[in-house]
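Residue numbers (this note's numbering): 174 to 522.
The structure appears below as C-alpha coordinates.
If you want it as C-alpha coordinates, here you go:
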(Lines of atoms letter the chains of each structure in order from A and count residues from 1; the text may use other names and numbers.)
(Lines give C-alpha, C1' and ligand atoms only; values in the text may rest on other atoms or scores of the structure.)
Protein backbone atom coordinates (compact mmCIF):
# COMPACT_ATOMS: atom_id res chain seq x y z
CA UNK A 1 0.00 0.00 0.00
CA UNK A 2 2.84 2.45 0.70
CA UNK A 3 4.46 1.74 -2.70
CA UNK A 4 1.27 2.60 -4.54
CA UNK A 5 0.99 5.95 -2.85
CA UNK A 6 4.67 7.01 -3.50
CA UNK A 7 5.11 5.65 -7.08
CA UNK A 8 5.87 8.27 -9.76
CA UNK A 9 3.17 9.35 -12.16
CA UNK A 10 4.77 7.67 -15.18
CA UNK A 11 4.62 4.32 -13.45
CA UNK A 12 0.92 4.70 -12.77
CA UNK A 13 0.27 5.58 -16.43
CA UNK A 14 2.17 2.50 -17.58
CA UNK A 15 0.13 0.33 -15.25
CA UNK A 16 -3.14 1.72 -16.54
CA UNK A 17 -2.08 1.01 -20.13
CA UNK A 18 -1.42 -2.61 -19.30
CA UNK A 19 -4.76 -2.87 -17.53
CA UNK A 20 -6.60 -1.59 -20.58
CA UNK A 21 -5.10 -4.29 -22.77
CA UNK A 22 -6.06 -7.09 -20.37
CA UNK A 23 -9.51 -8.78 -20.63
CA UNK A 24 -12.13 -6.99 -18.57
CA UNK A 25 -13.76 -8.87 -15.78
CA UNK A 26 -17.35 -8.01 -15.10
CA UNK A 27 -19.21 -8.43 -11.91
CA UNK A 28 -22.40 -10.46 -12.12
CA UNK A 29 -25.28 -9.70 -9.88
CA UNK A 30 -24.95 -11.49 -6.61
CA UNK A 31 -27.23 -14.39 -5.93
CA UNK A 32 -29.97 -13.67 -3.43
CA UNK A 33 -28.34 -13.10 -0.11
CA UNK A 34 -24.75 -13.56 -1.52
CA UNK A 35 -21.75 -11.37 -2.54
CA UNK A 36 -21.02 -10.29 -6.20
CA UNK A 37 -18.91 -12.69 -8.36
CA UNK A 38 -16.59 -11.92 -11.23
CA UNK A 39 -17.05 -13.31 -14.75
CA UNK A 40 -13.79 -14.60 -16.13
CA UNK A 41 -12.59 -14.24 -19.66
CA UNK A 42 -11.74 -17.05 -22.06
CA UNK A 43 -8.30 -17.50 -20.61
CA UNK A 44 -9.52 -17.95 -17.11
CA UNK A 45 -10.01 -21.43 -15.76
CA UNK A 46 -13.52 -22.71 -15.23
CA UNK A 47 -14.99 -20.84 -12.34
CA UNK A 48 -15.76 -22.79 -9.26
CA UNK A 49 -19.15 -22.19 -7.66
CA UNK A 50 -18.76 -19.83 -4.78
CA UNK A 51 -19.31 -21.26 -1.36
CA UNK A 52 -22.81 -20.81 -0.01
CA UNK A 53 -22.97 -17.68 1.98
CA UNK A 54 -25.24 -17.83 4.95
CA UNK A 55 -27.77 -15.08 5.14
CA UNK A 56 -26.92 -12.37 7.61
CA UNK A 57 -29.06 -10.00 9.57
CA UNK A 58 -28.18 -7.17 7.20
CA UNK A 59 -29.39 -9.19 4.19
CA UNK A 60 -32.69 -10.19 5.76
CA UNK A 61 -33.46 -6.99 7.54
CA UNK A 62 -33.31 -4.52 4.61
CA UNK A 63 -32.93 -6.32 1.28
CA UNK A 64 -33.70 -3.14 -0.63
CA UNK A 65 -30.89 -0.98 0.81
CA UNK A 66 -28.26 -2.34 -1.62
CA UNK A 67 -29.99 -3.38 -4.89
CA UNK A 68 -27.99 -5.77 -7.13
CA UNK A 69 -26.44 -4.50 -10.38
CA UNK A 70 -28.32 -5.00 -13.60
CA UNK A 71 -27.22 -7.98 -15.70
CA UNK A 72 -24.46 -7.03 -18.20
CA UNK A 73 -23.71 -3.63 -16.68
CA UNK A 74 -19.99 -2.90 -16.47
CA UNK A 75 -18.62 -2.01 -13.14
CA UNK A 76 -16.50 1.15 -13.01
CA UNK A 77 -12.85 0.50 -12.31
CA UNK A 78 -11.97 2.00 -8.99
CA UNK A 79 -8.73 3.84 -8.72
CA UNK A 80 -5.92 2.63 -6.62
CA UNK A 81 -6.93 4.67 -3.65
CA UNK A 82 -10.50 3.48 -3.97
CA UNK A 83 -9.36 -0.11 -4.20
CA UNK A 84 -7.27 0.30 -1.15
CA UNK A 85 -10.09 1.91 0.79
CA UNK A 86 -12.47 -0.83 -0.27
CA UNK A 87 -9.98 -3.42 0.83
CA UNK A 88 -9.60 -1.72 4.16
CA UNK A 89 -13.39 -1.59 4.59
CA UNK A 90 -13.66 -5.24 3.67
CA UNK A 91 -10.97 -6.22 6.13
CA UNK A 92 -12.61 -4.27 8.93
CA UNK A 93 -16.25 -5.29 8.32
CA UNK A 94 -16.46 -9.07 7.99
CA UNK A 95 -17.32 -11.04 11.08
CA UNK A 96 -18.55 -14.52 11.91
CA UNK A 97 -21.66 -15.31 9.91
CA UNK A 98 -24.70 -16.51 11.85
CA UNK A 99 -27.05 -19.22 10.76
CA UNK A 100 -30.27 -18.19 9.12
CA UNK A 101 -32.34 -19.93 11.73
CA UNK A 102 -30.46 -18.18 14.51
CA UNK A 103 -30.69 -14.74 12.88
CA UNK A 104 -34.37 -14.95 12.18
CA UNK A 105 -35.67 -14.69 15.66
CA UNK A 106 -39.31 -14.01 15.07
CA UNK A 107 -41.26 -12.23 17.71
CA UNK A 108 -43.57 -14.46 19.75
CA UNK A 109 -47.18 -14.38 18.57
CA UNK A 110 -49.36 -12.02 20.42
CA UNK A 111 -51.41 -13.72 23.06
CA UNK A 112 -55.11 -13.72 22.33
CA UNK A 113 -58.02 -14.59 24.50
CA UNK A 114 -59.37 -17.92 23.26
CA UNK A 115 -62.53 -17.70 25.31
CA UNK A 116 -65.71 -17.20 23.20
CA UNK A 117 -67.17 -13.80 23.45
CA UNK A 118 -70.49 -13.88 25.20
CA UNK A 119 -73.33 -12.01 23.53
CA UNK A 120 -74.23 -8.75 25.10
CA UNK A 121 -76.66 -9.19 27.90
CA UNK A 122 -80.12 -8.31 26.76
CA UNK A 123 -81.84 -5.77 28.84
CA UNK A 124 -85.29 -6.88 30.00
CA UNK A 125 -88.12 -5.06 28.42
CA UNK A 126 -90.05 -2.88 30.77
CA UNK A 127 -92.98 -4.72 32.23
CA UNK A 128 -96.31 -3.52 31.10
CA UNK A 129 -98.62 -2.52 33.83
CA UNK A 130 -101.37 -5.10 34.11
CA UNK A 131 -104.54 -5.09 36.04
CA UNK A 132 -104.37 -7.03 39.31
CA UNK A 133 -105.65 -10.59 38.97
CA UNK A 134 -108.21 -11.45 41.61
CA UNK A 135 -107.14 -14.29 43.88
CA UNK A 136 -109.23 -17.48 43.64
CA UNK A 137 -111.71 -18.03 46.39
CA UNK A 138 -110.37 -20.32 49.11
CA UNK A 139 -111.54 -23.91 49.01
CA UNK A 140 -114.11 -24.95 51.57
CA UNK A 141 -112.62 -26.24 54.74
CA UNK A 142 -114.30 -29.57 54.14
CA UNK A 143 -112.43 -30.26 50.89
CA UNK A 144 -109.05 -29.38 52.38
CA UNK A 145 -109.22 -31.37 55.60
CA UNK A 146 -111.69 -34.13 54.69
CA UNK A 147 -109.06 -36.73 53.89
CA UNK A 148 -107.57 -36.38 57.39
CA UNK A 149 -110.74 -37.12 59.40
CA UNK A 150 -112.23 -40.49 60.26
CA UNK A 151 -114.62 -42.23 62.61
CA UNK A 152 -113.95 -45.60 64.18
CA UNK A 153 -116.10 -47.82 66.35
CA UNK A 154 -117.59 -51.23 67.09
CA UNK A 155 -121.03 -52.75 66.48
CA UNK A 156 -122.43 -55.33 68.89
CA UNK A 157 -125.58 -57.42 68.21
CA UNK A 158 -127.75 -58.79 71.00
CA UNK A 159 -130.94 -60.84 71.34
CA UNK A 160 -130.79 -63.03 68.24
CA UNK A 161 -128.91 -64.77 65.46
CA UNK A 162 -127.28 -62.19 63.23
CA UNK A 163 -123.92 -61.35 61.68
CA UNK A 164 -122.21 -58.07 62.49
CA UNK A 165 -120.59 -57.85 59.05
CA UNK A 166 -124.03 -57.50 57.44
CA UNK A 167 -124.41 -53.99 58.90
CA UNK A 168 -123.92 -50.78 56.87
CA UNK A 169 -122.30 -47.70 58.47
CA UNK A 170 -122.58 -44.33 56.67
CA UNK A 171 -122.15 -40.60 57.41
CA UNK A 172 -124.34 -37.68 56.30
CA UNK A 173 -122.83 -34.18 56.79
CA UNK A 174 -125.12 -31.32 57.81
CA UNK A 175 -123.56 -29.01 55.20
CA UNK A 176 -124.79 -29.98 51.70
CA UNK A 177 -121.75 -28.21 50.19
CA UNK A 178 -119.57 -30.93 51.69
CA UNK A 179 -121.13 -33.55 49.43
CA UNK A 180 -119.37 -34.37 46.13
CA UNK A 181 -121.35 -33.91 42.90
CA UNK A 182 -124.08 -36.49 42.48
CA UNK A 183 -122.82 -37.56 39.05
CA UNK A 184 -119.45 -38.59 40.45
CA UNK A 185 -120.83 -41.07 42.98
CA UNK A 186 -122.62 -43.79 40.98
CA UNK A 187 -120.70 -47.02 40.59
CA UNK A 188 -121.28 -50.48 39.14
CA UNK A 189 -122.01 -53.29 41.60
CA UNK A 190 -122.60 -56.99 41.05
CA UNK A 191 -124.76 -59.41 43.04
CA UNK A 192 -124.07 -62.90 41.74
CA UNK A 193 -126.46 -65.88 41.70
CA UNK A 194 -124.57 -69.06 42.58
CA UNK A 195 -125.89 -72.33 44.04
CA UNK A 196 -129.33 -70.74 44.38
CA UNK A 197 -127.85 -68.05 46.63
CA UNK A 198 -127.50 -64.31 46.08
CA UNK A 199 -124.05 -63.02 47.11
CA UNK A 200 -123.50 -60.79 48.91
CA UNK A 201 -126.68 -60.81 50.93
CA UNK A 202 -126.16 -57.10 51.79
CA UNK A 203 -124.82 -54.26 49.63
CA UNK A 204 -124.77 -50.45 49.81
CA UNK A 205 -124.69 -48.21 46.71
CA UNK A 206 -125.03 -44.51 45.97
CA UNK A 207 -128.20 -43.17 44.46
CA UNK A 208 -128.14 -43.52 40.67
CA UNK A 209 -125.88 -46.57 40.68
CA UNK A 210 -126.32 -49.62 38.45
CA UNK A 211 -126.42 -53.14 39.91
CA UNK A 212 -125.86 -56.22 37.74
CA UNK A 213 -127.18 -59.72 38.57
CA UNK A 214 -125.10 -62.38 36.74
CA UNK A 215 -126.56 -65.90 36.73
CA UNK A 216 -123.79 -68.45 37.34
CA UNK A 217 -126.20 -71.31 37.95
CA UNK A 218 -127.17 -73.89 35.31
CA UNK A 219 -130.85 -73.14 35.97
CA UNK A 220 -133.28 -70.29 35.43
CA UNK A 221 -133.94 -67.42 37.86
CA UNK A 222 -136.36 -64.52 38.10
CA UNK A 223 -135.29 -61.70 40.44
CA UNK A 224 -137.74 -59.02 41.49
CA UNK A 225 -138.47 -56.44 44.20
CA UNK A 226 -141.66 -54.82 45.39
CA UNK A 227 -139.91 -52.18 47.52
CA UNK A 228 -141.40 -48.68 47.12
CA UNK A 229 -139.72 -46.41 44.51
CA UNK A 230 -137.21 -49.11 43.51
CA UNK A 231 -139.41 -52.05 42.46
CA UNK A 232 -138.42 -54.10 39.39
CA UNK A 233 -138.92 -57.49 37.70
CA UNK A 234 -136.08 -58.98 35.62
CA UNK A 235 -138.18 -61.86 34.29
CA UNK A 236 -136.84 -65.32 33.69
CA UNK A 237 -133.20 -65.42 32.49
CA UNK A 238 -130.85 -68.34 32.01
CA UNK A 239 -127.25 -69.27 32.77
CA UNK A 240 -124.62 -66.73 31.74
CA UNK A 241 -127.05 -63.83 31.50
CA UNK A 242 -126.55 -60.69 33.61
CA UNK A 243 -129.48 -58.27 33.64
CA UNK A 244 -129.07 -55.01 35.56
CA UNK A 245 -131.10 -52.39 37.42
CA UNK A 246 -130.40 -48.71 38.17
CA UNK A 247 -131.58 -47.41 41.53
CA UNK A 248 -132.54 -43.75 41.43
CA UNK A 249 -134.14 -43.44 44.87
CA UNK A 250 -132.71 -43.84 48.35
CA UNK A 251 -133.99 -46.54 50.70
CA UNK A 252 -133.88 -50.30 51.26
CA UNK A 253 -134.46 -52.63 48.31
CA UNK A 254 -135.41 -56.20 49.31
CA UNK A 255 -134.76 -58.53 46.37
CA UNK A 256 -136.10 -62.08 45.97
CA UNK A 257 -136.33 -64.79 43.34
CA UNK A 258 -139.81 -65.57 42.05
CA UNK A 259 -138.78 -69.21 41.48
CA UNK A 260 -136.79 -69.98 44.64
CA UNK A 261 -138.29 -68.81 47.89
CA UNK A 262 -135.09 -68.97 49.94
CA UNK A 263 -133.10 -66.66 47.66
CA UNK A 264 -132.85 -63.08 48.92
CA UNK A 265 -130.49 -60.05 49.06
CA UNK A 266 -130.85 -56.50 50.36
CA UNK A 267 -129.49 -53.29 48.82
CA UNK A 268 -129.29 -50.03 50.78
CA UNK A 269 -129.34 -46.98 48.45
CA UNK A 270 -127.84 -43.93 50.19
CA UNK A 271 -127.07 -40.38 49.11
CA UNK A 272 -123.50 -40.25 50.41
CA UNK A 273 -120.13 -41.65 49.33
CA UNK A 274 -118.99 -42.18 52.96
CA UNK A 275 -120.09 -45.70 53.84
CA UNK A 276 -118.54 -48.98 54.91
CA UNK A 277 -119.20 -52.43 56.32
CA UNK A 278 -117.71 -53.73 59.58
CA UNK A 279 -115.68 -56.90 59.83
CA UNK A 280 -116.90 -60.12 61.45
CA UNK A 281 -116.07 -58.70 64.91
CA UNK A 282 -118.13 -55.56 64.22
CA UNK A 283 -115.15 -53.14 63.94
CA UNK A 284 -115.47 -50.36 61.37
CA UNK A 285 -113.68 -47.22 60.17
CA UNK A 286 -114.98 -44.38 58.00
CA UNK A 287 -112.19 -42.23 56.55
CA UNK A 288 -111.92 -39.14 54.37
CA UNK A 289 -114.78 -37.37 56.12
CA UNK A 290 -115.42 -33.60 55.95
CA UNK A 291 -115.10 -31.60 59.17
CA UNK A 292 -118.10 -30.25 60.96
CA UNK A 293 -121.37 -31.63 62.28
CA UNK A 294 -123.27 -34.56 60.78
CA UNK A 295 -125.09 -37.80 61.49
CA UNK A 296 -123.60 -41.27 61.80
CA UNK A 297 -126.03 -44.02 60.69
CA UNK A 298 -125.94 -47.80 61.21
CA UNK A 299 -128.34 -50.06 59.32
CA UNK A 300 -128.78 -53.82 59.77
CA UNK A 301 -131.47 -55.81 57.99
CA UNK A 302 -132.34 -57.70 61.21
CA UNK A 303 -132.51 -54.67 63.49
CA UNK A 304 -133.94 -51.19 63.71
CA UNK A 305 -131.96 -48.32 62.24
CA UNK A 306 -129.54 -46.46 64.53
CA UNK A 307 -128.25 -42.88 64.19
CA UNK A 308 -126.37 -40.28 66.27
CA UNK A 309 -125.27 -36.69 65.77
CA UNK A 310 -121.47 -36.29 65.84
CA UNK A 311 -118.96 -33.50 65.36
CA UNK A 312 -115.83 -34.03 63.30
CA UNK A 313 -113.06 -34.37 64.21
CA UNK A 314 -114.48 -37.08 66.45
CA UNK A 315 -113.47 -37.12 70.08
CA UNK A 316 -113.08 -40.93 70.17
CA UNK A 317 -114.43 -44.31 68.98
CA UNK A 318 -118.18 -44.81 68.65
CA UNK A 319 -119.66 -47.97 70.17
CA UNK A 320 -123.02 -49.13 68.79
CA UNK A 321 -125.28 -51.82 70.25
CA UNK A 322 -128.12 -53.23 68.10
CA UNK A 323 -130.90 -55.54 69.16
CA UNK A 324 -131.79 -58.27 66.68
CA UNK A 325 -135.56 -58.19 66.07
CA UNK A 326 -135.97 -59.81 62.64
CA UNK A 327 -135.29 -63.31 61.30
CA UNK A 328 -132.57 -64.04 58.80
CA UNK A 329 -135.09 -64.77 56.05
CA UNK A 330 -137.87 -62.23 56.12
CA UNK A 331 -141.33 -63.56 55.22
CA UNK A 332 -142.33 -62.58 51.67
CA UNK A 333 -144.58 -63.58 48.75
CA UNK A 334 -143.90 -63.97 45.05
CA UNK A 335 -143.92 -61.05 42.63
CA UNK A 336 -147.68 -61.29 42.16
CA UNK A 337 -148.28 -61.11 45.91
CA UNK A 338 -149.24 -64.77 46.19
CA UNK A 339 -147.67 -67.39 48.47
CA UNK A 340 -145.01 -69.48 46.81
CA UNK A 341 -146.37 -72.69 45.27
CA UNK A 342 -143.62 -75.20 45.71
CA UNK A 343 -145.17 -77.47 43.10
CA UNK A 344 -144.40 -74.82 40.41
CA UNK A 345 -140.69 -74.67 41.07
CA UNK A 346 -139.75 -77.98 39.43
CA UNK A 347 -139.88 -76.74 35.79
CA UNK A 348 -137.21 -74.11 36.64
CA UNK A 349 -134.70 -76.60 38.01
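A virtual CB, placed ideally from N, CA and C, is assigned to each residue, including glycine.
The structure displayed is predicted, hence computed values, not measured ones.
From residue 376 to residue 407, what does the alpha carbon distance come to, in whole angstroms?
19 Å
Quick one: measure Cβ to Cβ for residue 344 and residue 462, integer angstroms, because I've assumed they're closer than 8 Å.
6 Å
Closest to residue 404 by C-alpha separation, out of 370, 428, 367, 386, would be which residue?
Among 370, 428, 367, 386, the Cα nearest to that of residue 404 belongs to 428.
Measuring only the C-alpha atoms, how far is residue 352 from residue 439?
25 Å
Within 8 Å, do at least three Cβ pairs link the stretch 492-512 to the stretch 379-390?
no
Answer yes or no: do residue 442 and residue 332 have a C-beta to C-beta separation smaller than 8 Å?
No, they are not a contact pair.
Per DSSP, which residues does residue 480 bridge with? Please list them.
470
By the DSSP assignment, the beta strand (DSSP E) with residue 367 in it spans what residues?
365-367
Pick out whichever of 410, 369, 472 has its Cα sitting closest to the Cα of residue 337.
472
Could you check what DSSP says for residue 350 in three-state terms: helix, strand or coil?
helix
Can you tell which of 460, 489, 412, 509 has the C-alpha that lies nearest to the C-alpha of residue 321?
460
In the DSSP assignment, what are the bridge partners of residue 410?
394
Since residue 390 contacts residue 368 with CB under 8 Å, what's their CB separation in whole angstroms?
Contact holds; Cβ gap of about 7 Å.
Can you give me the C-alpha to C-alpha distance between residue 513 and residue 431, rounded to a whole angstrom?
8 Å
Quick check: what's the CA-CA separation for residue 158 versus residue 476?
With the chain represented from 174 up to 522, any question about residue 158 goes unanswered, as that position is not in the structure.
With 16 as the cutoff for other CB atoms within 10 Å, does residue 474 come out buried or exposed?
Classification of residue 474: buried, given that the 10 Å Cβ count is 16 or more.
To the nearest angstrom, report how far apart residue 374 and residue 426 are at their CA atoms.
Residue 374 and residue 426: Cα-Cα distance of roughly 12 Å.
Let me know if residue 339 comes out buried or exposed under the rule of 16 or more other beta-carbons within 10 Å of its beta-carbon.
buried
Using 10 angstroms around the beta-carbon of residue 398, count the other beta-carbons present and answer buried if the total reaches 16, otherwise exposed.
buried
Report the residue from 401, 372, 393, 365 whose alpha carbon sits nearest the alpha carbon of residue 387.
365
On the criterion of 16 or more Cβ atoms from any shown chain inside 10 Å, does residue 349 qualify as buried, or is it exposed?
exposed
Between which two residues does the beta strand (DSSP E) holding residue 377 run?
375-379
Given this structure, state the Cα-to-Cα distance separating residue 423 from residue 444, to the nearest angstrom.
7 Å
For residue 415, which of helix, strand or coil comes out of DSSP?
Residue 415 falls in the coil class under three-state DSSP.
Residue range of the beta strand (DSSP E) that residue 322 falls in?
322-331
For the beta strand (DSSP E) containing residue 548, list its first residue and its last residue.
Past the edges of the chain, shown from 174 to 522, lies residue 548, and the structure says nothing about it.
Mind checking which residues open and close the beta strand (DSSP E) that includes residue 441?
437-443
What number of angstroms, rounded off, separates the C-alpha of residue 329 from the C-alpha of residue 490?
14 Å
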